[in-house]
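These notes are about the structure you will find just below.
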Amino acid sequence: MATPEWPIPLGQELSCRRGRNFSQQSEIRKPNIDKIRIRLIGIPRYIVRAMSPPSSQPLALSANARISQEAFGAENQPMLMIDGALNDPAAVIEIAARQSYRQIGPYYPGLRAPVPEPAAWPLLQPAAALIASVFNLKRAPIFEECYLSVITAQPDELTTIQKLPHFDGTESDRLAVLLYLDRAEQGGTAFYRQRSTGFESITEARLPDYEAALAQGMREHGRPTAGYLRGDTPLFEQIHTVAGVHNRAIIYRGNTLHCGLLGKQFKPKADPCKGRLTLNMFFA
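Numbering (our numbering), first residue to last: 649 to 932.
Next up, the structure:
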């Protein structure tokens with residue numbers, strides 16, 4: 649079967665939904681209003697205009713999304729958390745199940761399928777002004793790339809770099825969005841501080857000191873032990889965690905040190921309907 653385009657056509661047969669008649673037409677309906685009110689917890693209320701009807705945009709931000717703001721670490725790094733991000737996450741899982749996945753780059757311990765900007769951007773576009781304000785951006789955020797991602801690497805297959813906290817770039821205005829689509833909630837995200845330098849984020853100016861300290865730490869303590877990173881290590885201190893709640897999205901600076909937070913019983917599955925499926929978007 650050919651890889652389907654976004655969005656999923658109404659009436660297309662589905663395979664992963666629970667408790668649905670898959671032969672019936674999609675239940676997504678066009679709203680009667682052209683404005684969406686987003687409930688915000690602890691931050692100013694915004695009224696945002698929907699750029700397109702959710703019926704044609706599976707990744708459109710839900711009218712009932714609950715957005716909260718927090719900060720973590722000694723650097724007081726901001727984070728936005730969006731619970732209930734999508735109206736129908738099952739529709740996105742259905743699309744994910746029919747994509748073609750491949751390894752993209754040496755860092756992510758699994759497979760990815762690109763998501764085009766017109767499909768992905770409706771998740772953030774209604775909240776663009778809020779995002780720019782919280783992260784002190786000098787201009788409106790611009791889309792860079794987006795993927796559906798599923799972890800497939802077994803613990804003994806991980807490379808050294810995959811067993812360490814990582815960062816997605818050294819630019820402080822490059823933001824990452826992580827949407828948890830895994831219904832079994834098999835893992836969240838953890839954030840770290842490099843012990844010897846105290847760095848919780850990596851800028852271009854900090855990069856040489858970070859790399860030198862990492863090399864020195866490995867000479868003293870050896871390379872990371874087998875398996876996915878959990879908790880503190882001799883080189884890194886865990887400073888914050890986010891539970892991977894189904895249909896929750898988080899937005900954070902990509903240059904913060906972070907890593908997937910997977911339980912000891914985690915078993916990778918390549919099937920997007922059963923594995924740790926996320927949507928990962930980057931913009932600046």
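Glycine included, C-beta positions come from ideal geometry on N, C-alpha and C.
None of these values were measured; they are calculated from a predicted model.
Anyone know if the C-beta pair for A874 and D821 falls short of 8 Å?
No, these two residues do not count as a Cβ contact at 8 Å.
Are A761 and Q747 closer than 8 Å when you measure CB to CB?
Yes, Cβ-Cβ distance for A761 and Q747 is below 8 Å.
Which parts of the segment 833-875 are runs of the alpha helix (DSSP H), unbroken and 4 residues or longer, counting only runs that do not cross its ends?
If we require 4 residues or more, the alpha helix (DSSP H) runs fully inside the segment 833-875 come out as 855-869.
Report all residues from its chain with a CB closer than 7 Å to the CB of E933; omit the five preceding and five following residues, and keep chain order.
This structure cannot speak to residue 933, because the chain is shown only from 649 to 932.
Per DSSP, what kind of secondary structure is Q886 in: helix, strand or coil?
It is a strand residue.
Is DSSP giving I681 helix, strand or coil here?
Note that I681 scores 30 on pLDDT, short of 50, meaning its location in the model is unreliable; the coordinates nonetheless yield the value given after this. Here I681 sits in coil by DSSP.
Report the three-state DSSP secondary structure of S781 (helix, strand or coil).
Helix.
Can you tell me whether DSSP reads L909 as helix, strand or coil?
Strand.
If you draw a straight line from the alpha carbon of P774 to that of D919, how long is it in whole angstroms?
If I take the Cα positions, the gap works out to 31 Å.
How about C962 and P789: are their beta carbons less than 8 Å apart?
This structure cannot speak to residue 962, because the chain is shown only from 649 to 932.
What first and last residue would you give for the beta strand (DSSP E) that runs through V825?
Taken as a continuous stretch (DSSP letters only), the beta strand (DSSP E) holding V825 covers 823-828.
For the pair the segment 730-740 and the segment 887-902, tell me if three or more CB-CB distances fall below 8 Å.
Touching, per the Cβ criterion.
Inspect the beta-carbon positions of G721 and E848 and report whether they are closer than 8 Å.
Yes, they are a contact pair.
Within 10 angstroms of its Cβ, does G879 collect 16 or more other Cβ (buried), or is it exposed?
Exposed.
Nearest by alpha-carbon distance to V763: which of I743, G753, Q717 is it?
Among I743, G753, Q717, the Cα nearest to that of V763 is on I743.
Looking at the structure shown, is E723 part of a helix, part of a strand, or coil, going by DSSP?
In this structure, E723 counts as coil in the three-state DSSP scheme.
Could you tell me the boundaries of the alpha helix (DSSP H) in which E819 lies?
Per DSSP, E819 belongs to no alpha helix (DSSP H) and is neither H nor E.
How is D804 classed by DSSP in three states: helix, strand or coil?
Helix at D804.
I'd like to know whether the C-beta atoms of L855 and T818 end up nearer to each other than 8 Å.
Cβ distance < 8 Å, so L855 and T818 count as in contact.
Out of curiosity, what's the CA-to-CA distance linking F839 and T904?
Looking at the two C-alpha atoms, the distance is approximately 7 Å.
Can you tell me which of the three DSSP states L927 falls into?
Looking at L927 - three-state DSSP - the assignment turns out to be strand.
Of the choices Q725, L734, S704, whose alpha-carbon is the least far from that of A713?
Per the Cα distances, L734.
Please confirm if Q751 has its CB atom under 8 Å from at least one CB of chain C.
Note that chain C does not occur in the displayed structure, where there is just one protein chain.
For the alpha helix (DSSP H) containing A744, list its first residue and its last residue.
737-745 is the span of the alpha helix (DSSP H), which, as asked, contains A744.
Of all the options G902, R901, G892, which has the alpha carbon lying nearest to the alpha carbon of G923?
Here the closest residue by C-alpha is G892.
Could you name the residues that DSSP lists as bridge partners for Y795?
For Y795, which the question treats as bridged, DSSP gives the partners P762, N928.
Between I809 and L925, which are expected to be in contact by the criterion C-beta below 8 Å, what is the C-beta distance as a whole number of angstroms?
The pair is not a contact, with the Cβ atoms about 22 Å apart (cut-off 8 Å).
In chain order, what residues of the same chain have a beta carbon less than 7 Å from the beta carbon of T851, not counting five sequence neighbours either side?
T818, S820, N903.
Given that a residue counts as buried once 16 or more other Cβ atoms are within 10 Å of its Cβ, and exposed if not, what is H888?
It is buried - the Cβ of H888 has at least 16 other Cβ atoms within 10 Å.
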